[in-house]
Amino acid sequence: MKKSARFYSGAELVAKAAIDAGCRFYGGYPITPSSEIAEFMSVMLPKVGGTYVQMEDEIAAMGTIIGASLAGVKSLTATSGPGFSLKQENIGYAYMAEVPCVICNVMRGGPSTGLPTALAQADIMQAKWGTHGDHPVIALTPAYLEEIYELTIKAFNFSEIYRIPVMLMLDEVIAHLSAAINLPEKESLVIKDRRKPSVPPEKYFPYDTAYGDVPPMANFFEGYRYHVTGLSHDKTGFPTTDPELVQADQERHLRKVNWKKNEIVDYEYYLMKDAEIVIFAYGSTARAARVAVDNARKSGIKVGMMRFRVIWPLPEAEILKLCGRAKAIIVPEMNMGQLSDVIERYAADRTKIIRINHVGGVPIHPTDIHNKIREAL
Amino acid sequence: MAFEYEKYLRMDKIPHLWCPGCGIGIVLKAMLRSVENVGWDKNDISFVSGIGCTSRAPGYIDCNTLHTTHGRALSFATGVKLAKPDKNLVVFSGDGDATAIGGNHFIHACRRNIDMTLVVVNNNVYGMTGGQHSPTTPIGYKTNTTIYGNIDPTFDICLLAKAAGASYVARATVNKGRVLEKYITKGFQNKGFSVIVATANCHTQFGRKNKMSDPISSRKWIESREIPLEKARTMKAAELKDKVITGEFTTDEAETTFWENYNSPVHEYTEAYAKIIEKVQEK
Amino acid sequence: MKIDHYEARFAGVGGQGVILAGKILAYGMVSFEDCRAIETPTYTAQVRGGATKVDVVIDKNHIEYPRTEYLDFFLSLHQKSFNIYFKDIKNDAIVVADPNLTPKIPENIPQKLILVDLIEIAKREMGKTLYSAVMAVGVFAGLTRIIKESNIQKAVLDNAPKGTELDNLKAVKIGIELGKKARKSKEKIIKLSIDDVSIPESGK
């Protein structure tokens with residue numbers, strides 16, 4: 003990379019990827035450490051004829067992106083911990099009404115106002131269980147700048163394919179990191195759009211399962227004139243309290259992601275072939291873990307890492323297998339053990355789980371992990 | 089010739105869930121006549137609502153209808169409108185939905201003066217949740233949560249809307265469906281944020297607790313409190329206590345004061361944003 | 002760049018422009034020195050006057066750990082940021098500080114310490130204290146030779162707002178000369194003031 007290099011920050015890459023994925027609407031509310039994404043979108047969207055709006059609060063911001071998506075425009079919002087909490091009711095609405103959209107959460111320390119400018123991975127469980135009721139969840143956890151670009155596009159694709167809100171979970175380390183990177187050619191990008199109905203309006207039902215678990219979606223103002231509600235509804239979109247219909251619909255919602263898990267789960271093995279000690283990691287923490295693995299390997303320790311690019315859903319079968327095989331498992335996280343708890347259930351006392359939990363707003367250092375690797379021996 | 093409401097209704101969803109004698113039906117009908125008055129195509133309209141009795145209205149209307157979360161209808165509608173600025177947005181809300189849980193969205197939609205019409209059916213009570221007091225329950229009146237008499241001061245929704253920047257604000261009671269129709273039609277025609285407050289009866293929840301549990305006595309109570317703006321202007325402030333002023337709050341020249349000129353809406357939001365896009369793309 | 006891996010931190014308080022210093026350095030390394038660099042700013046809640054820093058990690062190859070591990074270079078323009086961010090610094094690292102705004106540096110630190118009146122010099126020579134940040138990257142270049150003099154100048158020019166190119170160039174040149182002076186000295190503590198400034202030929 004001679005000559006003048008183009009530097010990108012993580013935040014800018016979210017904005018750039020969103021626009022390249024076809025996003026033309028951003029509704030937001032300022033909050034640290036995610037505000038840069040809003041700033042970039044406010045500059046970039048008008049250039050492509052899209053719309054940026056800063057709303058009166060986080061809840062309204064979430065409302066606008068659902069509205070815009072129903073009108074046929076791919077939409078993004080970005081927020082951080084407390085804002086993510088505020089958005090949860092409307093996120094539930096997007097699940098219930100099956101409206102595609104992407105929520106980027108640049109995580110910070112909590113609970114409450116917590117550590118506004120410091121780093122954390124505090125919302126891993128909020129991404130899964132933040133809104134009330136059961137719902138399918140897809141949450142992505144990029145660790146590299148190139149990956150932010152790639153996974154932001156993937157987040158939009160998932161949201162369009164499965165008609166759900168998708169969580170893009172960044173930590174402050176990579177959101178604020180800047181480096182010169184090469185982006186893929188625009189022509190090489192795979193962009194997915196929601197499936198449109200193939201029937202005329204009089205034969206259209208917005209939640210028709212005749213076409214599979216993900217019903218085709220008509221946009222507003224295209225002649226289909228249907229009803230959207232957050233109430234439990236039947237295939238016509240109108241409220242129902244019929245226990246059988248409600249049960250079947252809830253099961254279908256979960257099936258949308260559960261049955262397609264193989265197409266969604268995304269992980270990377272690093273030096274796992276002969277690994278006796280296994281590290282499970284995600285986000286920027288995985289980069290510290292990778293350095294620690296390299297260092298430990300130099301002294302002959304058989305350690306490897308499984309890194310999750312998609313944190314929800316998790317590749318259960320693979321984790322179960324590893325839990326049976328590993329002598330010890332290390333889970334470094336910038337929270338008090340949100341993934342560790344899940345891994346512990348998979349391990350079911352078959353192997354030792356070593357946790358590394360940093361919540362003080364400073365990153366986990368490779369040495370912290372290296373020490374635990376030695377402890378595991 | 090009788091008005092063909094069927095043209096705009098999803099007749100398979102009727103009968104509706106409102107109590108017999110409820111005022112919401114009158115507002116809904118006035119609204120549908122207004123749609124006819126302005127000649128909108130059903131495909132180009134989106135009716136949006138939040139939660140509550142009033143918010144069930146869009147379900148009965150044959151267009152693009154969106155029944156959202158409690159208080160948030162204006163934010164969803166803002167998203168729809170910004171995505172498709174050439175379409176017509178109407179939000180249907182109650183007093184609790186619009187001014188309590190949705191109060192923040194309400195004042196900011198007014199401030200933005202975004203081109204849509206908000207119709208607030210104000211029945212002074214939370215009906216669907218079982219009759220609790222709302223930000224418009226008059227002082228002294230009883231509800232299931234103010235059984236000793238309400239001490240919680242009220243909002244005047246029209247004054248609030250006007251102060252926050254809405255460019256058309258009017259109020260009529262459900263006793264005068266034709267006046268409501270006139271105001272809603274004007275709201276639809278206004279390029280900007282319009283707020284029409286329909287003072288309505290909830291004899292089931294509010295009336296029951298205040299010795300007017302049938303529609304007639306509840307409507308009579310509304311009638312007894314109504315003071316037209318022209319008349320109100322001739323009265324003393326003390327005489328207007330407990331009264332409801334009806335009329336158009338934004339179009340009357342006599343109502344324009346120094347402060348209103350100082351604080352008048354600067355522009356409509358989607359038009360202003362279109363200019364930004366134009367400016368940026370010119371470069 | 003002659004070495005494989007290098008970590009630098011520029012610290013100060015909000016409004017001094019240290020974040021820009023990090024940006025310029027990272028940009029220069031990637032654009033003109035054929036290596037990788039990442040740059041991470043850290044803010045606190047207080048926008049003006051709050052402690053702030055920017056870390057630059059430079060490597061011949063891919064940079065895995067996205068934060069600094071052990072610093073080779075630390076520069077502080079304020080006591081506040083010195084107190085918070087003076088940590089994980091190698092014993093043979095170089096520490097640069099403005100002694101007027103960072104008056105309480107422990108005497109027993111093992112690192113080579115260069116005390117430069119950066120703010121004062123910027124004020125007197127450039128008329129604006131804001132130029133102390135660009136001067137700081139000049140000091141870095143002259144002192145460490147991690148980035149060539151010509152390359153840091155190019156990096157400064159590429160990042161200078163329109164109309165301020167000549168002033169920025171002058172500032173970075175002043176910094177480079179100060180850095181070179183400090184580099185020649187064998188003392189453990191080196192003091193540089195306005196008297197040590199040799200004005201480079203203006204612009205062009």
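Residue numbers (my numbering), protein chains in the order written: chain A, 3 to 379; chain B, 89 to 371; chain C, 2 to 205.
Glycine included, each C-beta is placed from N, C-alpha and C at the ideal position.
Spatial neighbours of residue i in its chain, beta-carbon cut-off 6 Å, leaving aside the 5 residues before and after
i: residue 309/B; result: 300
i: residue 158/C; result: 166
i: residue 197/B; result: 162 and 281
i: residue 193/B; result: 162 and 163
Own chain residues within Cβ distance below 8 Å of residue i, not counting five before or after
i: residue 218/B; result: 232 and 293
i: residue 31/C; result: 37 and 38
i: residue 236/A; result: 209, 242, 244, 247 and 251
i: residue 391/B; result: This structure leaves residue 391/B out entirely; chain B is present only between 89 and 371.
i: residue 113/B; result: 104 and 106
i: residue 258/A; result: 138, 164, 165, 166, 215 and 216
i: residue 331/A; result: 279, 280, 281, 282, 324, 325, 345, 349, 353, 354, 355 and 356
CA nearest to the CA of residue i, picked from the options
i: residue 279/B; options: 227/B, 264/B and 255/B; result: 255/B
i: residue 13/C; options: 172/C, 84/C, 122/C and 184/C; result: 84/C
i: residue 27/C; options: 125/A, 8/A and 361/A; result: 8/A
i: residue 283/A; options: 340/A, 264/A and 228/A; result: 340/A
i: residue 314/B; options: 288/B, 339/B and 281/B; result: 288/B
i: residue 276/B; options: 171/B, 202/B and 141/B; result: 202/B
i: residue 247/B; options: 152/B, 209/B, 336/B and 272/B; result: 336/B
i: residue 173/C; options: 190/C, 194/C and 119/C; result: 119/C
i: residue 365/B; options: 17/A, 87/A, 51/A and 21/A; result: 51/A
Extent of the continuous alpha helix (DSSP H) to which residue i belongs
i: residue 94/B; result: No alpha helix (DSSP H) holds residue 94/B; DSSP gives it neither H nor E.
i: residue 99/A; result: 83-99
i: residue 56/A; result: No alpha helix (DSSP H) contains residue 56/A, which is instead part of the beta strand (DSSP E) from 53-56.
i: residue 16/A; result: 12-22
i: residue 166/B; result: 161-171
Residue i, enclosing beta strand (DSSP E) - first and last residue
i: residue 314/A; result: 312-314
i: residue 178/B; result: 176-182
i: residue 113/C; result: 113-117
Residue i in three-state terms, based on DSSP
i: residue 302/A; result: coil
i: residue 137/A; result: coil
i: residue 123/A; result: coil
i: residue 336/B; result: strand
i: residue 282/B; result: strand
i: residue 184/A; result: coil
i: residue 258/B; result: strand
i: residue 265/A; result: helix
i: residue 305/B; result: helix
i: residue 70/C; result: coil
i: residue 378/A; result: helix
i: residue 166/A; result: coil
i: residue 296/B; result: helix
i: residue 2/C; result: coil
i: residue 97/C; result: strand
i: residue 173/A; result: strand
i: residue 34/C; result: coil
i: residue 271/B; result: helix
i: residue 67/A; result: helix
i: residue 201/A; result: coil
i: residue 277/A; result: coil
Identified DSSP bridge partners for residue i
i: residue 236/A; result: The partner list for residue 236/A (beta bridge, DSSP) is empty, contrary to what the question assumes.
i: residue 8/C; result: 58/C
i: residue 270/A; result: 309/A
i: residue 79/A; result: 105/A
i: residue 314/B; result: 332/B
i: residue 120/C; result: Bridge partners of residue 120/C: none, in fact.
Neighbourhood of residue i by C-beta, 7 Å cutoff - its chain only, sequence neighbours within 5 removed
i: residue 142/C; result: 148, 150, 153, 177 and 180
i: residue 85/A; result: 31, 33 and 60
i: residue 44/A; result: 54
i: residue 64/A; result: 79, 89, 92 and 93
i: residue 81/C; result: 14 and 52
i: residue 139/B; result: 157, 158 and 185
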